[in-house]
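This report concerns only the one structure given below.
Residue numbers (the working numbering): 6 to 104.
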């Protein structure tokens, strides 16, 4: 999904959304960074992508529901601009865990 034209959100807010989305999938981004699965540039790019995403408000609600229900999801909210990258990281994390 391509991001529409709208003001970008605050980087810190989107870092938190990105971290929460990772956790909803069972992915700890700080752990992925520590294990060199993502670089600081990758992380910054994901935050910037989140800032430009069109589904920020629905994302907040979706994450609140997931956290309230304490469930783990197998996909992001529909329209998440970081979905493919997060799911790839999750796959890498799971492959490493199996070794």
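Virtual Cβ for every residue (Gly too), placed ideally from N, Cα, C.
Closest by C-alpha distance to residue i, when choosing among the options
i          : options    : result
residue 73 : 86, 29, 15 : 29
Which of helix, strand or coil DSSP assigns to residue i
i          : result
residue 22 : helix
residue 89 : helix
residue 99 : helix
residue 55 : helix
residue 63 : helix
residue 27 : helix
residue 84 : coil
residue 73 : helix
Cα-Cα separation, residue i to residue j
i          : j          : result
residue 22 : residue 39 : 19 Å
residue 18 : residue 61 : 10 Å
residue 59 : residue 33 : 24 Å
residue 65 : residue 43 : 24 Å
residue 14 : residue 77 : 26 Å
residue 11 : residue 63 : 15 Å
Residue i vs residue j beta-carbon contact at 8 Å
i          : j          : result
residue 90 : residue 26 : no
residue 95 : residue 31 : yes
residue 98 : residue 37 : yes
Practice item. Please determine if the stretch 54 to 61 and the stretch 81 to 96 are in contact, where contact requires at least 3 C-beta pairs separated by less than 8 Å. Key: Touching, per the Cβ criterion.
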